[in-house]
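K.L.:
Numbering (the working numbering), first residue to last: 673 to 989. Sharing a structure here in structure tokens format.
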């Protein structure tokens, strides 16, 4: 009878030791929302990571649904759950937008099973807070207050201009304010689309280009738009005439932007300004476009043709 009990115990002991030989390092951090920065999220197969936003999440856009799984439900409006669905090493991106128009961009990194990088801690919980919140560093367990308040006004990329009105406005903020004050923009309707668009001033600032624009929700239901993109599209000739010409498209780097809101109720309008690096020259077949898309139709964006040479130079009004 004793032998019958000793045999299973002998098997359980080595299993317990092997499980404790390689413990999983866990990281819990609180991060201030900075739209221009990308958060690297370290994941591990068979582990689920949690992202908590400061308010209700309205959209989650995942770059590679075949390698990662992102979940969000109305019962837990502030949470997003993400995990790898492949045991191989994988990498992708994730965009999360909230009700007020705030958004964060994450780079998803999974080392996979059996990788030498498994010593890297797994991000179990990442909690985002607004810019005025306390910070908790990656290796800290208690809040750390900022050493001194920021003297510069807090101007969010989404949600308009905030902060002290006595501070002088930048060229971008001045253009944003002007676009908001346009009472009756000239709207352009698009076939089979729920939004209408209007282009304001197009300015050249040194080697950068700044564009003002507005978006109108002409449907009878609420919609959501994503941050703007700038696209350069052209045609590349092939060696064989039968093959025709291939279309090539590149996304240009955006330096900064302002957007009054990303959620538009029926009949509501959003105003925006975008600053990007425009190349010094282009081929005759290439065209410059402002790309605007709804959150539920990112694969079918609107492409608004832009002049390659801005008609307005510098800060002239």
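Every residue gets a Cβ at the ideal spot worked out from N, C-alpha and C, and that includes glycine.
Classify residue 934 as buried or exposed, calling it buried when 16 or more other Cβ atoms lie within 10 Å of its own Cβ.
P.N.:
Result: buried.
K.L.:
Please report the Cβ distance between residue 887 and residue 967, rounded to the nearest whole angstrom; I am assuming they are in contact, meaning their Cβ atoms lie under 8 Å.
P.N.:
At roughly 12 Å, the Cβ-Cβ gap does not stay under 8 Å, so residue 887 and residue 967 are not in contact.
K.L.:
When you compare the region 843-855 with the region 939-954, are there three or more beta-carbon pairs, one atom per stretch, that lie closer than 8 Å?
P.N.:
Because the criterion of three Cβ pairs below 8 Å is met, the region 843-855 and the region 939-954 touch.
K.L.:
Give the DSSP bridge partners of residue 882, in chain order.
P.N.:
Residue 882 pairs with 875, 947.
K.L.:
Apart from the five residues on each side of it in sequence, which residues of its chain come closer than 6 Å, Cβ to Cβ, to residue 866?
P.N.:
Contacts found: 891, 895.
K.L.:
Whose CA, out of 862, 954, 797, lies closest to the CA of residue 922?
P.N.:
Per the Cα distances, 954.
K.L.:
Would you decide whether residue 760 is buried or exposed? Buried here means 16 or more other CB atoms lie within 10 Å of its CB.
P.N.:
With fewer than 16 other Cβ atoms within 10 Å, it is exposed.
K.L.:
Run through DSSP, which three-state label would residue 864 get?
P.N.:
In the structure shown, residue 864 sits in coil (DSSP, three-state: anything other than H, G, I, E or B).
K.L.:
Residue 719 and residue 780: beta carbons closer than 7 Å?
P.N.:
No; because the gap between Cβ atoms is not below 7 Å, this pair is not in contact.
K.L.:
How long is the line joining the alpha carbons of residue 799 and residue 942, rounded to whole angstroms?
P.N.:
So the two alpha carbons sit approximately 28 Å from each other.
K.L.:
Candidates 940, 880, 952, 932: which alpha carbon is nearest residue 926's?
P.N.:
The option with the nearest alpha carbon to residue 926 is 880.
K.L.:
Look at the Cβ atom of residue 771, then the Cβ atom of residue 728, and state whether they are nearer than 7 Å.
P.N.:
Their beta carbons are under 7 Å apart, which means residue 771 touches residue 728 by this criterion.
K.L.:
Let me know if residue 930 comes out buried or exposed under the rule of 16 or more other beta-carbons within 10 Å of its beta-carbon.
P.N.:
So residue 930 counts as buried.
K.L.:
Starting from residue 969, follow the alpha helix (DSSP H) in both directions and report where the run begins and ends.
P.N.:
Looking at the DSSP string, residue 969 is not in any alpha helix (DSSP H), and its letter there is neither H nor E.
K.L.:
Are the beta-carbon atoms of residue 978 and residue 964 separated by less than 7 Å?
P.N.:
No; because the gap between Cβ atoms is not below 7 Å, this pair is not in contact.
K.L.:
Using only alpha-carbon positions, find the residue among 862, 874, 903 that is nearest to residue 889.
P.N.:
The candidate whose alpha carbon is nearest that of residue 889 is 862.
K.L.:
Between residue 752 and residue 768, is the Cβ-Cβ spacing less than 7 Å?
P.N.:
Yes, the Cβ-Cβ distance between residue 752 and residue 768 is below 7 Å.
K.L.:
On the DSSP letters alone, give me the boundaries of the beta strand (DSSP E) that residue 1010 sits inside.
P.N.:
Because residue 1010 is not part of the residues shown, which for the chain are 673 to 989, the question remains open.
K.L.:
Sort 982, 748, 764 by Cα distance to residue 875 and report the nearest one.
P.N.:
Ranking 982, 748, 764 by Cα distance to residue 875 puts 982 first.
K.L.:
Are residue 904 and residue 924 touching if we call contact CB-CB under 7 Å?
P.N.:
Yes, Cβ-Cβ distance for residue 904 and residue 924 is below 7 Å.
K.L.:
For residue 763 and residue 855, I'd like the C-alpha separation in whole angstroms.
P.N.:
Residue 763 and residue 855: Cα-Cα distance of roughly 45 Å.
K.L.:
Below 6 Å CB to CB, which residues in the same chain sit around residue 732 once its five sequence neighbours on both sides are set aside?
P.N.:
Cβ neighbours of residue 732 beyond the five flanking positions: 742, 744, 752, 768.
K.L.:
Assuming residue 738 contacts residue 766 under a Cβ cut-off of 8 Å, what Cβ separation, rounded to an integer in Å, is found between them?
P.N.:
With a Cβ gap of about 14 Å, residue 738 and residue 766 do not count as contacting.
K.L.:
Use the C-beta contact count for residue 716: other C-beta atoms within 10 angstroms, 16 or more gives buried, fewer gives exposed.
P.N.:
The residue is buried, with at least 16 neighbouring Cβ atoms inside 10 Å.
K.L.:
Between the C-alpha atoms of residue 885 and residue 928, what's the straight-line distance to the nearest angstrom?
P.N.:
Rounded to the nearest angstrom, the two C-alpha atoms are 14 Å apart.
K.L.:
Just the C-alpha distance for residue 785 and residue 853, rounded to the nearest angstrom, thanks.
P.N.:
Distance between the alpha carbons of residue 785 and residue 853: 55 Å.
K.L.:
For the alpha helix (DSSP H) containing residue 848, name the first residue and the last one.
P.N.:
That run of the alpha helix (DSSP H) goes 843-852.
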